[in-house]
Amino acid sequence: MSFFVSDALAAEGPPPNAFEGLLPFLILGVFFVLFVVPQWKRGREQKKLLESLGKGAEVVTSGGILGRIVDVDDNFVLLEVNDDVQINVQKHSVTHLMPKGTYKARKRTEK
3 MSFFVSDALA AEGPPPNAFE GLLPFLILGV FFVLFVVPQW KRGREQKKLL
53 ESLGKGAEVV TSGGILGRIV DVDDNFVLLE VNDDVQINVQ KHSVTHLMPK
103 GTYKARKRTE K
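Throughout the sequence shown, residue numbering follows my numbering, covering 3 to 113 in sequence.
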């Protein structure tokens, strides 16, 4: 055999299947589409939600606290959770924007 050609390459046999060589790349592509792309989409939606927060919006935090926004800062949000009860939460912990009137309806059912 030649010095530059290995014995494995010089062996006679059926040619390699092109699909077998592409199979790992196809599997990686499927996983990318199924797992990574939806995460990017959720991240963009969360970023858009945080940019749209304003005074008077009714939100739910990741801890499940329902409140109305009293003040918005770069990093924190001041929420009114009950009469004369306000708490500071980190802005990125706001997960859902609720329809107007949800906070008032919740206060009425508690009384």
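Yeah, the Cβ is synthetic: ideal placement off N, Cα and C, and Gly gets one too. Bear in mind the structure is a predicted one, so any value in this text is a computation, not a measurement.
Legend entry - Close Cβ partners of residue 67 (< 8 angstroms) along its chain, the five nearest in sequence each way excluded: Residue 67 sits at position 65 when you count from the first residue of the sequence shown. Answer for residue 67: 81, 83, 89, 91, listed in chain order.
Inset, instruction - State the DSSP-derived secondary structure class of residue 36, mapped to helix, strand or coil. - result: Along the sequence shown, read from residue 1 onward, the residue named residue 36 stands at position 34. Helix at residue 36.
Legend entry - Distance between residue 21 and residue 94 (C-alpha atoms, nearest Å): The residue you call residue 94 lines up with position 92 of the sequence shown. The residue you call residue 21 lines up with position 19 of the sequence shown. Taking the straight line from one Cα to the other gives about 45 angstroms.
Legend entry - Host beta strand (DSSP E) of residue 77 (start-end): For the purposes of this step, residue 77 is taken as the residue at position 75 of the sequence shown. Per DSSP, residue 77 belongs to no beta strand (DSSP E) and is neither H nor E.
Inset, instruction - Would you mind working out which of 19, 108, 98 sits nearest residue 51, comparing C-alpha positions? - result: As a first step, residue 51 must be located in the sequence shown, where it is residue number 49. Comparing Cα positions, the closest option is 98.
Inset, instruction - For residue 105, I'd like the list of residues in its chain whose CB is within less than 6 angstroms of its CB, leaving aside the five on either flank, ordered along the chain. - result: Taking the sequence shown and counting its residues from 1, one reaches residue 105 at position 103. So the qualifying residues of the chain are 60, 70.
Inset, instruction - Give the straight-line distance between the Cα atoms of residue 75 and residue 26, rounded to the nearest whole angstrom. - result: The residue labelled residue 75 in the question sits at position 73 within the sequence shown. The residue labelled residue 26 in the question sits at position 24 within the sequence shown. So the alpha carbons of these two residues sit roughly 47 angstroms apart.
Legend entry - Inter-residue CB distance, residue 62 and residue 100 (contact presumed, cutoff 8 angstroms): Reading the sequence shown from its first residue, position 60 is the one you call residue 62. Reading the sequence shown from its first residue, position 98 is the one you call residue 100. Residue 62 to residue 100, Cβ: 6 angstroms. Contact.
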